[in-house]
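If you count the sequence shown from 1, position 180 lands on 180 in the numbering used here, and the numbers rise without skipping. We put the beta carbon where it would ideally sit given N, CA and C, even for glycine. Have a look at the structure below before the remarks.
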Amino acid sequence: MQRCILARVVNSLPSSLHGITSNNDSKHKIFFQLRQAVAEPSVDTNTEAYRHLAHELSLLSQEEFGRRLYRFSRTNFDPTQTTVVHALVSELISRRVQEVSIKCVREYAHLAHVAKLHKLCLDVYFARANLTTIGSVTENNDTRVGDFAVSDFVVDSAYALCSTSDLIRLASYCVKHLQQVPSLGWEVMSAFSLVRAFWRCICVASIHGRQQDAEYKQALKDASYIYDEYMELVYPDAYKELTTQDAIRTVQRFVQYASSADEGEMLFFRFCLQKGFLRRPRYTTRGEGDDGSGMNAGVTVEGGKISEEQWFYASLIATCRVGNHVDSALRYFDDIGSYLGIVQVSCNDLLHSCSRKIRQDDPKRPEAAIGSRDRKSMEKVSEYLIFQLLNVLQTAKENGKIVFIARTMLRDGVQLGISVWSIVLIAAGETRAADLALAAFTQAKDALGDGSHALDRRGNEYLLQTAINALSKCQVPRFEEEYLQPCHDQQLMHCTNEFYFCALLQHAHNSMDPANGAEEVLRRMKEKGTPLTTRIISRLMKIYLRIESPKLLELYQHATQQLGTFRPSWLDELLLWADRRRYELTHGEKKIYIG
Numbered sequence: 001m002q003r004c005i006l007a008r009v010v011n012s013l014p015s016s017l018h019g020i021t022s023n024n025d026s027k028h029k030i031f032f033q034l035r036q037a038v039a040e041p042s043v044d045t046n047t048e049a050y051r052h053l054a055h056e057l058s059l060l061s062q063e064e065f066g067r068r069l070y071r072f073s074r075t076n077f078d079p080t081q082t083t084v085v086h087a088l089v090s091e092l093i094s095r096r097v098q099e100v101s102i103k104c105v106r107e108y109a110h111l112a113h114v115a116k117l118h119k120l121c122l123d124v125y126f127a128r129a130n131l132t133t134i135g136s137v138t139e140n141n142d143t144r145v146g147d148f149a150v151s152d153f154v155v156d157s158a159y160a161l162c163s164t165s166d167l168i169r170l171a172s173y174c175v176k177h178l179q180q181v182p183s184l185g186w187e188v189m190s191a192f193s194l195v196r197a198f199w200r201c202i203c204v205a206s207i208h209g210r211q212q213d214a215e216y217k218q219a220l221k222d223a224s225y226i227y228d229e230y231m232e233l234v235y236p237d238a239y240k241e242l243t244t245q246d247a248i249r250t251v252q253r254f255v256q257y258a259s260s261a262d263e264g265e266m267l268f269f270r271f272c273l274q275k276g277f278l279r280r281p282r283y284t285t286r287g288e289g290d291d292g293s294g295m296n297a298g299v300t301v302e303g304g305k306i307s308e309e310q311w312f313y314a315s316l317i318a319t320c321r322v323g324n325h326v327d328s329a330l331r332y333f334d335d336i337g338s339y340l341g342i343v344q345v346s347c348n349d350l351l352h353s354c355s356r357k358i359r360q361d362d363p364k365r366p367e368a369a370i371g372s373r374d375r376k377s378m379e380k381v382s383e384y385l386i387f388q389l390l391n392v393l394q395t396a397k398e399n400g401k402i403v404f405i406a407r408t409m410l411r412d413g414v415q416l417g418i419s420v421w422s423i424v425l426i427a428a429g430e431t432r433a434a435d436l437a438l439a440a441f442t443q444a445k446d447a448l449g450d451g452s453h454a455l456d457r458r459g460n461e462y463l464l465q466t467a468i469n470a471l472s473k474c475q476v477p478r479f480e481e482e483y484l485q486p487c488h489d490q491q492l493m494h495c496t497n498e499f500y501f502c503a504l505l506q507h508a509h510n511s512m513d514p515a516n517g518a519e520e521v522l523r524r525m526k527e528k529g530t531p532l533t534t535r536i537i538s539r540l541m542k543i544y545l546r547i548e549s550p551k552l553l554e555l556y557q558h559a560t561q562q563l564g565t566f567r568p569s570w571l572d573e574l575l576l577w578a579d580r581r582r583y584e585l586t587h588g589e590k591k592i593y594i595g
């Protein structure tokens, strides 16, 4: 991405805030206190249990504190873990923010965002950002500097709090980063976060609704400030072609009338791309003969090294996820794919052929790969780019397309990473793609058999367990004898009785005789003394719902009344079960159901 030659020094805050550097309360008052109460989880930090937990966390080593991150899911967060996350993030801010790695700080900020602890998410970011000196910022070190560029989830946390003052502050950090570290691939993240802050200010205005409200006017005023002070500084040519009011009115239409409840995210970023507020980095970083897959202009992220070109398109693809804009995501992937020389990744309803001709009247689109380039299909595509595309497809439940892409990559000899496998295996289980589940199973088993580093082993154990879950849905012959039991006997993974019997119940659920399969598993559980856990109960509920067994009501009562456990999904299944059996319910069952 081209380095911006800035003719003047950027103001980090609006003129109304000049001279206010330490009094945050005064700053918030000037902005009409837009940080309104949101539906953040309530955590009582004064309880004895919380204080005891905080004391335990303070005694952890730095290594163990970093490992605690792996106990929480980012994609399916359990709200019951909110208190623990609050204590962990508070411990990070109070004692460890300067000691742990930037990667660890960033991931804890992301965890706070996922847990809807948005104020803590912002506190983590600002606490670490304030420790970054000008000297360290100018160092050419992706790990120390680039990793802590403003992330999209930090901007979204400020939006969740309706805090336009924080959005302005984050925009100023983005511009500083674009000024000081223009050579790093992390500039892509800063560029996207800058325009995202502008968009989120307009989203805040739409929340307040009525034009006569002071909050509405202030939010639009702050959006204008970001556009005039920051976006004009970074993109002077694009700024001259579009007035502030025209830009705001256009984005307001995206926010107010966009479908899919995504507030026009994909439309907004496509608008920025077309108007020149996002620049493709390839025009300035690509050397002669470079195909965009090289490492010279790249940066290291989870999943390995990625060039700026691929990261740029991965960021565009990510904007398509919330609104389920699959066609736009595939079009972005097709653009970067044709640039990389991909030819054998198309099918009737998935990707276009890269041999298509790029329109001559659109100089912003990547040139089609030609002649001397090595056309080996998916080998040059980074894991991060593939992950973002698969993430969009997974959200839209396009399992068939996910399976097609995975098979294409395996055909070309690409070894999929664990993050990509985690999406592929879900789709493989849903579509009964046993070949993909077997490929993941073999990869994980071989890696664990060779012996690996502790961190790699943890990841491969997760991959093996996920592959076994997928195999249990695919009805492979001799599932227990050839796959589940050998892994248990060889101690290739941490296999509890709960996991073992859950896999057998899943296998029984998809079999031709789920009733007898479930009874056999329950008999073996009784022999081993394995109790009914929430996971096992959930599996049994699904089986009993499938066969419309009267045992479902009995199991539900046992779990909720005697074991004292409950899951909302159980109630949904009970209601669906009762609806299916409405003509067969006994008088006693109807009384329980109505009560």
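DSSP three-state call for residue i: helix, strand or coil?
i    : result
S73  : coil
I207 : helix
S61  : coil
I342 : coil
S190 : helix
S549 : coil
S307 : strand
C272 : helix
K445 : helix
L278 : coil
S42  : coil
N324 : coil
K590 : helix
Buried or exposed for residue i, please, with buried defined as at least 16 other CB atoms from any protein chain shown within 10 angstroms of its CB.
i    : result
R96  : buried
M512 : exposed
H507 : buried
T466 : buried
I594 : exposed
H55  : exposed
Q443 : buried
D335 : buried
T83  : buried
E398 : buried
R51  : exposed
D166 : buried
K591 : exposed
In whole angstroms, what is the alpha-carbon distance linking residue i and residue j?
i    : j    : result
E241 : R279 : 16 Å
W199 : A314 : 19 Å
H587 : E573 : 20 Å
F192 : C272 : 10 Å
F312 : C104 : 23 Å
I226 : K176 : 13 Å
A515 : A149 : 54 Å
T75  : A433 : 23 Å
Q560 : W570 : Residue identity check: residue 560 is Thr in the sequence provided, not Gln. Approximately 10 Å, taken between the alpha carbons.
Q62  : D152 : 27 Å
L117 : V476 : 43 Å
S328 : L448 : 39 Å
G66  : N46  : 25 Å
E589 : K551 : 11 Å
V251 : L438 : 47 Å
F566 : L553 : 13 Å
K380 : D412 : 10 Å
V155 : A115 : 15 Å
R373 : L436 : No answer about R373 holds up, because its pLDDT of 42 lies below 50 and its placement is not dependable.
Y239 : S73  : 41 Å
Report back the beta-carbon spacing between residue i and residue j to the nearest angstrom; my notes put them in contact at under 8 Å.
i    : j    : result
M525 : F501 : 6 Å
L471 : Y483 : 6 Å
I202 : I248 : 6 Å
T395 : R321 : 5 Å
L505 : L555 : That pair is no contact at about 12 Å.
Y108 : L88  : 7 Å
A129 : Y70  : 25 Å between Cβ atoms; not a contact.
L390 : V420 : 6 Å
* To do: May I have a chain-ordered list of the beta strand (DSSP E) segments no shorter than 3 residues that lie completely inside the stretch 90-178?
  => The qualifying runs do not exist here; there are none.
* Which ranges would you report for the alpha helix (DSSP H) in the stretch 468-540 if only whole runs of at least 4 residues count? -> Every unbroken stretch of the alpha helix (DSSP H) spanning 4 or more residues and falling wholly within the stretch 468-540 is given here in chain order: 485-489, 497-509 and 514-528.
* Counting only runs that start and end within the stretch 387-437, where is the alpha helix (DSSP H) found for 4 or more residues in a row? -> Taken in chain order, the unbroken stretches of alpha helix (DSSP H) that lie wholly in the stretch 387-437 and span 4 residues or more are 399-411 and 418-431.
* **Every unbroken alpha helix (DSSP H) inside the stretch 224-261 [4 residues or more]** => List check, alpha helix (DSSP H) in window: 236-241 and 244-257.
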